[in-house]
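**Student:** Mapped onto our numbering, the consecutive letters of the sequence shown carry residue numbers 11 to 324.
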Amino acid sequence: MTILVAVAMQREADWIERLRRLAPERKIVALGEPFDRREVHWVVSWRHPHGALAGLPNLAAIFSLGAGVDHLFADPRLPDVPIVRAISPDLTARMSEYVVLHCLLHLRQQRRYDAQQRARVWDDDMGQPAASDVRVGVMGLGELGRDAAEKLRILGFDVAGWSRTRKDISGIETFSGEAGLDPFLARTDILVCLLPLTPDTRGLLDLGLFRKLARNGRLGGPVLINAGRGGLQVEAGILAALNEGSLLAATLDVFETEPLPQESLLWEHPRVTVTPHNAALSDAGAIGRHILTQIARIERGETPDGLVDPARQY
Ligand code: NDP
Ligand code: OXD
Numbered sequence: 011m012t013i014l015v016a017v018a019m020q021r022e023a024d025w026i027e028r029l030r031r032l033a034p035e036r037k038i039v040a041l042g043e044p045f046d047r048r049e050v051h052w053v054v055s056w057r058h059p060h061g062a063l064a065g066l067p068n069l070a071a072i073f074s075l076g077a078g079v080d081h082l083f084a085d086p087r088l089p090d091v092p093i094v095r096a097i098s099p100d101l102t103a104r105m106s107e108y109v110v111l112h113c114l115l116h117l118r119q120q121r122r123y124d125a126q127q128r129a130r131v132w133d134d135d136m137g138q139p140a141a142s143d144v145r146v147g148v149m150g151l152g153e154l155g156r157d158a159a160e161k162l163r164i165l166g167f168d169v170a171g172w173s174r175t176r177k178d179i180s181g182i183e184t185f186s187g188e189a190g191l192d193p194f195l196a197r198t199d200i201l202v203c204l205l206p207l208t209p210d211t212r213g214l215l216d217l218g219l220f221r222k223l224a225r226n227g228r229l230g231g232p233v234l235i236n237a238g239r240g241g242l243q244v245e246a247g248i249l250a251a252l253n254e255g256s257l258l259a260a261t262l263d264v265f266e267t268e269p270l271p272q273e274s275l276l277w278e279h280p281r282v283t284v285t286p287h288n289a290a291l292s293d294a295g296a297i298g299r300h301i302l303t304q305i306a307r308i309e310r311g312e313t314p315d316g317l318v319d320p321a322r323q324y
């Protein structure tokens with residue numbers, strides 16, 4: 011019942027150490043060391059090298075160290091076994107902090123005050139819309155999107171959400187499916203994207219979509235906050251939208267290519283805020299405990315929390 015850790019970053023040794031401390035009774039091996047492939051029942055992966063999980067005859071499940079599983083489905087030789095993704099209250103809380111922080115920065119025009127401070131300008135004449143005057147639209151109402159939407163609503167924002175299937179959330183206007191997308195965009199001043207990257211969502215955030223956002227809002231133009239995945243956005247479309255005015259500003263945590271290439275124009279755009287894909291860094295202890303709890307559930311014949319639908323890829 012060996013656990014194989016297949017993590018494409020320097021932190022592989024940390025993960026092995028952590029899992030060994032949490033489950034001293036289990037055999038835990040790293041991809042880079044010799045091990046008997048027949049003994050591997052469980053894989054813990056974050057961006058493993060493609061093909062590395064093929065030829066594990068007794069593999070029972072793959073656990074993603076992240077909430078997103080697009081890194082797994084990108085492997086053309088991914089074994090056909092159940093996939094379980096990371097879910098934890100800690101991860102959810104961290105993402106909501108990020109979303110709330112950046113919605114408030116846009117609401118309170120903090121980037122303009124930062125520029126004023128650098129220029130030693132005292133100008134208090136910008137006007138301050140109330141949170142209730144600003145319409146936030148959250149794309150994706152899953153583990154992360156729903157919590158962020160509810161916290162924004164508590165702060166007083168006028169919140170709506172969009173998902174594949176219909177949702178009923180107190181105090182939040184909900185839209186669903188293709189038919190719900192345009193009316194959702196038409197009432198949105200700050201668009202928060204917390205969708206997974208799947209064949210259906212790739213490239214969704216493009217110039218055509220930005221042009222459908224509300225143009226009559228109190229912020230002076232629509233704002234994009236994307237903390238889902240870089241593959242959801244078309245960066246040339248974001249720059250074009252910023253330049254033509256169909257976007258006023260953007261906060262981006264994720265990018266088409268990561269790390270964001272030095273030559274990207276997003277680095278220096280005065281109305282773009284860049285963060286290095288760390289909106290919600292997972293607490294390693296919480297994720298390790300989640301994985302071991304789900305292994306125990308599968309061993310008892312129960313369905314694990316965070317089971318991914320392979321047809322939808324999330
Ligand atoms: P969930 O699977 O819980 O929720 C996904 C949501 O997206 C659901 O509401 C789902 O709709 C909706 N959705 C999926 N496909 C479509 C579609 N085609 N049209 C409309 N709605 C759709 O995921 P999480 O909330 O846990 O995570 C979301 C993503 O956040 C992850 O996949 C990952 O990419 C990203 N992430 C980023 C992090 C960062 O640090 N930047 C950290 C963690 C996660 P329905 O409910 O109807 O199925
Ligand atoms: C995740 C991430 O998917 O950190 O958890 O991006």
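Cβ atoms here follow ideal geometry from the backbone N, Cα and C, with glycine treated the same way.
On the criterion of 16 or more Cβ atoms from any shown chain inside 10 Å, does R84 qualify as buried, or is it exposed?
**Tutor:** Reading the sequence as shown, one finds Ala at residue 84 and not Arg. It counts as exposed.
**Student:** Over what stretch of residues does the alpha helix (DSSP H) that includes N253 continue unbroken?
**Tutor:** Segment 245-254, the alpha helix (DSSP H) holding N253.
**Student:** Do the CB positions of W172 and G147 come within less than 9 angstroms of each other?
**Tutor:** A contact, by the Cβ cut-off of 9 angstroms.
**Student:** For V144 versus L229, is the C-beta spacing smaller than 9 angstroms?
**Tutor:** A contact, by the Cβ cut-off of 9 angstroms.
**Student:** Are the region 149-162 and the region 98-117 in contact at 8 angstroms, needing three or more beta carbon pairs?
**Tutor:** At 8 angstroms Cβ cutoff, the stretches touch.
**Student:** Any heavy atom of the ligand OXD within a distance shorter than 8 angstroms of the CB on A296?
**Tutor:** Outside the cutoff, so no.
**Student:** If you reduce the DSSP assignment to three classes, tell me which class I301 lands in.
**Tutor:** It is helical.
**Student:** Here's the rule: buried if 16 or more other CB atoms are within 10 angstroms of the residue's CB, otherwise exposed. What is S74?
**Tutor:** Classification for S74: buried.
**Student:** How far does the beta strand (DSSP E) with R145 in it reach, from first residue to last?
**Tutor:** Taken as a continuous stretch (DSSP letters only), the beta strand (DSSP E) holding R145 covers 145-149.
**Student:** Where DSSP assigns a beta bridge to I38, which residues make up the other side?
**Tutor:** Per DSSP, I13.
**Student:** Is there at least one non-hydrogen atom of the ligand NDP closer than 8 angstroms to the beta-carbon of R130?
**Tutor:** For the ligand NDP, not one heavy atom lies less than 8 angstroms from the Cβ of R130.
**Student:** Determine the burial state of T354: buried for a count of at least 16 other Cβ atoms within 10 Å of its Cβ, exposed for fewer.
**Tutor:** Only positions 11 to 324 of the chain appear in this structure, which leaves residue 354 out of reach.
**Student:** In chain order, what residues of the same chain have a beta carbon less than 6 angstroms from the beta carbon of V244, not counting five sequence neighbours either side?
**Tutor:** Excluding residues within five positions, the ones whose Cβ falls inside 6 angstroms are G213, D216.
**Student:** Where does F194 fall in DSSP's three states?
**Tutor:** DSSP places F194 in helix when its eight states are reduced to three.
**Student:** Could you check what DSSP says for F185 in three-state terms: helix, strand or coil?
**Tutor:** Three-state DSSP puts F185 in a strand.
**Student:** Sort R239, G218, L201, L195 by Cα distance to L207 and report the nearest one.
**Tutor:** When only C-alpha atoms are compared, the closest one is R239.
**Student:** Confirm, please, whether the CB-CB distance from L291 to L29 is below 9 angstroms.
**Tutor:** Not a contact, by the Cβ cut-off of 9 angstroms.
**Student:** Out of A289, A140, S256, R281, which has the shortest C-alpha to C-alpha gap to D263?
**Tutor:** Minimum Cα distance to D263 is reached at A289.
**Student:** Given this structure, state the Cα-to-Cα distance separating R225 from A70, to the nearest angstrom.
**Tutor:** Roughly 51 angstroms between the two C-alpha positions.
**Student:** Rounded to the nearest angstrom, how far is the Cβ of L219 from that of L252, given a contact under 8 angstroms?
**Tutor:** That pair is no contact at about 14 angstroms.
**Student:** Under a criterion of Cβ closer than 5 angstroms to any non-hydrogen atom of the ligand NAD, which residues qualify, in chain order?
**Tutor:** Absence of the ligand NAD from the depicted structure is noted, with the ligand NDP and the ligand OXD being the only ligands included.
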